[in-house]
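A.B. asks: In terms of full-length UniProt numbering, the sequence shown opens at residue 1 and continues consecutively.
The structure is given below, and queries will be raised subsequently.
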Amino acid sequence: MHREIRLLLRRWKIILLKKRENRRRLALFRPILPGANLKDRLIACCGAMLGLAATGLLCHNLLTHITSAPALVAPMGASAVLLFAVPASPLAQPWSIIGGNTLSALVGVMVAALIPDPMLAGGVAVALAIATMSMTRCLHPPGGAAALTAVIGGPAIAASGMQFVFYPVAVNSILLVLAGWTFHRFSGHSYPHRASPKPANSHGTADPPARMRAGLTADDMDEAIRELGEALDVNRDDLSALLEKAELHAMERMHGGITCGDIMSRDVVTVSAEAHPEMARALLIEHSFRTLPVVDRRNVVVGLVGHQHLVGSAATVASVMAPPVTAGPETPAFRLLGPLSDESTHEVAIVDGSGGLLGVVTQTDLLLVMARTNLLQSLDSARSPAGPVVLASR
Numbered sequence: 001m002h003r004e005i006r007l008l009l010r011r012w013k014i015i016l017l018k019k020r021e022n023r024r025r026l027a028l029f030r031p032i033l034p035g036a037n038l039k040d041r042l043i044a045c046c047g048a049m050l051g052l053a054a055t056g057l058l059c060h061n062l063l064t065h066i067t068s069a070p071a072l073v074a075p076m077g078a079s080a081v082l083l084f085a086v087p088a089s090p091l092a093q094p095w096s097i098i099g100g101n102t103l104s105a106l107v108g109v110m111v112a113a114l115i116p117d118p119m120l121a122g123g124v125a126v127a128l129a130i131a132t133m134s135m136t137r138c139l140h141p142p143g144g145a146a147a148l149t150a151v152i153g154g155p156a157i158a159a160s161g162m163q164f165v166f167y168p169v170a171v172n173s174i175l176l177v178l179a180g181w182t183f184h185r186f187s188g189h190s191y192p193h194r195a196s197p198k199p200a201n202s203h204g205t206a207d208p209p210a211r212m213r214a215g216l217t218a219d220d221m222d223e224a225i226r227e228l229g230e231a232l233d234v235n236r237d238d239l240s241a242l243l244e245k246a247e248l249h250a251m252e253r254m255h256g257g258i259t260c261g262d263i264m265s266r267d268v269v270t271v272s273a274e275a276h277p278e279m280a281r282a283l284l285i286e287h288s289f290r291t292l293p294v295v296d297r298r299n300v301v302v303g304l305v306g307h308q309h310l311v312g313s314a315a316t317v318a319s320v321m322a323p324p325v326t327a328g329p330e331t332p333a334f335r336l337l338g339p340l341s342d343e344s345t346h347e348v349a350i351v352d353g354s355g356g357l358l359g360v361v362t363q364t365d366l367l368l369v370m371a372r373t374n375l376l377q378s379l380d381s382a383r384s385p386a387g388p389v390v391l392a393s394r
């Protein structure tokens, strides 16, 4: 009996070890780029194919009579990977590609002329290329290949001399960037990449917006990057925006049980889109509101109007209203923290599937829910030795 139990346990141990080994092997094939999906990878494949083909064909048909060097050099393949697969990377921006490849090729040609031993010259060329790209803010990994190609590229490239820097390297790089710029107009990616602009203070004062005065600050970001001690292949502003969104999602996860339908005001004062602006002004003053939802004849929310929209003269509310900010009743209430903290949105209209008005959630509603939730968690933490418990009920 004991022997059978030992055999059974041994078999289970073998099975578990095999499963663990299989998981470890499968992990080798998981994508290493966060945010990458199959659609983006297929788009990158198409872009690289079209971009390199266009660059190679143009150079081959128009410029081969200039030099005996190849019409398309190998570093362009590596540049295409960055340009089409990770167009938001600082290493893939136009100056990085054009400047990095061209300056590195220039360094390689000069080193090859000074050091006869190709093995030694190759190492020196790549080292100096990294230094040059770093100082000129155009660090581009394929630039190392461009410098090395200038040293060990063969007789044709050696015979080209300084001409190799301008053609094919500089011309290849410029055409590839133009191809990438054109392709990304239709790919859904911004190129050249620009981080989302930071929100400005809508009140016209020097203070940053409220959402930027709480949570992570620029100093926090700089200090964290310094402590990490690693160079990151991501724009600093993109990293800041990513962490800000992560904070909001974490708060939403912790308090996800409270929905907009739970806290919304249901007796909503509205104004018709066909009404005169003076009627909207009178309702705002009478009820001490900052904004009013604007609805059509079917009670569908079509806009938002506040005192700031009623400054000039207009025939109807529809001509001065702003676009509405809406959410569904099942939306977690803390998801509204972003729009309600931008200093220009004071209320969110809660609508059904057809856009019909069900209620509104204001900044005050969300503030009270946050205060109440934090108070309940503090009380629960004081009572429970195991620590705080996230409350998801009203």
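Glycine included, each C-beta is placed from N, C-alpha and C at the ideal position.
(1) Which residue comes first and which comes last in the alpha helix (DSSP H) that contains Thr182?
(2) Using only alpha-carbon positions, find the residue among Ala80, Pro70, Thr67 that is nearest to Ala48.
(3) Of the residues Val305, Asp233, Leu310, Gly312, which one's Cα is nearest the Cα of Thr345?
(4) How big is the Cα-Cα spacing for Asn374 and Leu367?
(5) Taking contact to mean 3 or more Cβ pairs, one atom from each stretch, closer than 8 Å, check whether the region 178–193 and the region 128–136 are in contact.
(6) For Asp267, is the classification buried or exposed, using 16 other Cβ atoms within 10 angstroms of its Cβ as the cut-off for buried?
(7) Going by DSSP, which residues form a beta bridge with Gly306?
(8) With which residues is Ile66 paired in a DSSP beta bridge?
(9) In this structure, does DSSP put Val109 in helix, strand or coil?
(10) Which residue's Cα is closest to the Cα of Val294: Gly143, Leu128, Leu50, Pro324?
(11) Thinking C-beta only, is Met162 closer than 7 Å to Val109?
(12) Assign Gln308 to one of two classes, buried (16 or more other C-beta atoms within 10 Å of its C-beta) or exposed (fewer than that).
(13) Put Ile14 into one of helix, strand or coil per three-state DSSP.
(14) Please report the straight-line C-alpha distance between Ser160 and His140, rounded to a whole angstrom.
(15) Kindly indicate which residue of Glu230, Glu244, Gly229 has the alpha-carbon position closest to the one of Thr217.
(16) Expressed to the nearest angstrom, what Euclidean distance is found between the alpha-carbon atoms of residue 425 and Cys45?
(17) Buried or exposed: which applies to Asn101, given that a residue is buried once 16 or more other Cβ atoms fall within 10 Å of its Cβ?
(18) Tell me where the beta strand (DSSP E) around Ile350 begins and ends.
(19) Using a 10 Å radius around the Cβ and a threshold of 16 neighbouring Cβ atoms, would you call Pro70 buried or exposed?
(20) Looking at the structure shown, is Thr149 part of a helix, part of a strand, or coil, going by DSSP?
C.D. replies: Considering the structure as presented:
(1) First-last of the alpha helix (DSSP H) with Thr182: 171–187.
(2) Distance from the Cα of Ala48 is smallest, within the candidate group Ala80, Pro70, Thr67, for Ala80.
(3) The shortest C-alpha separation from Thr345 is found at Val305.
(4) Approximately 11 Å between the Cα atoms of the pair.
(5) By the criterion of at least three beta-carbon pairs nearer than 8 Å, the region 178–193 is not in contact with the region 128–136.
(6) The residue is exposed, with fewer than 16 neighbouring Cβ atoms inside 10 Å.
(7) DSSP output for Gly306 lists Thr291 as bridge partner(s).
(8) Answer is none; Ile66 lacks a bridge partner.
(9) DSSP places Val109 in helix when its eight states are reduced to three.
(10) The shortest C-alpha to C-alpha distance from Val294 to any of Gly143, Leu128, Leu50, Pro324 is the one to Pro324.
(11) Yes, these two residues count as a Cβ contact at 7 Å.
(12) With fewer than 16 Cβ atoms within 10 Å of its Cβ, Gln308 is classed as exposed.
(13) The answer is helix: DSSP assigns Ile14 an H, G or I state.
(14) Ser160 and His140 have their C-alpha atoms roughly 23 Å apart.
(15) Comparing Cα-Cα distances from Thr217 to each of Glu230, Glu244, Gly229, the minimum goes to Glu244.
(16) Residue 425 is absent from the model: the chain starts at 1 and stops at 394.
(17) Taking all protein chains in view, the Cβ of Asn101 is crowded by 16 or more other Cβ atoms within 10 Å, so the residue is classified as buried.
(18) Ile350 -> beta strand (DSSP E) spans 347–351.
(19) Label assigned to Pro70: buried.
(20) Residue state for Thr149 is assigned as helix, using DSSP reduced to three classes.
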